[in-house]
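If you're matching positions, the sequence shown starts at 1 in the UniProt record's numbering and goes up one per residue. To start, the structure under review is shown below, and the notes come after it.
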Amino acid sequence: MYQTPEDRPIYRLLTGADDRAFCERVSEALAQGWRLYGSPSLSWDTAENCMKAAQAVVWHEADVVK
């Protein structure tokens with residue numbers, strides 16, 4: 001099995017408001033050794049009146065097929 005930071009699963013979906021904080025979370029994951037998996041997704045949240053973003057990441061050692 002793979003050793004990930006904080007024993008997280010090898011797949012993670014990062015979500016949040018499409019802002020600097022979200023971009024920093026994705027950047028931090030990449031710096032830790034995660035890699036992008038697929039394209040980001042954006043959706044307008046009418047309840048919060050803001051754009052929400054999602055980006056999947058996988059652990060760099062994982063053999064994941066797209």
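For glycine and all other residues, C-beta sits at the position ideal for the given N, C-alpha and C.
Check: Selection from TYR11, ALA54, TRP59 that minimises the alpha carbon distance to ALA31; Outcome: TRP59
Check: Which of helix, strand or coil DSSP assigns to GLN32; Outcome: helix
Check: Beta-carbon proximity check, ALA21 vs SER41, cutoff 8 Å; Outcome: no
Check: Start-end ranges of the alpha helix (DSSP H) lying completely within the UniProt domain "DUF1737" (10-58), minimum 4 residues; Outcome: 20-32
Check: Cut-off 8 Å between Cβ atoms - residues of its own chain near GLY16, not counting five sequence neighbours on either side; Outcome: PHE22, ARG25, LYS52, ALA53
Check: Whether TRP44 touches ARG12 by CB criterion (8 Å); Outcome: no
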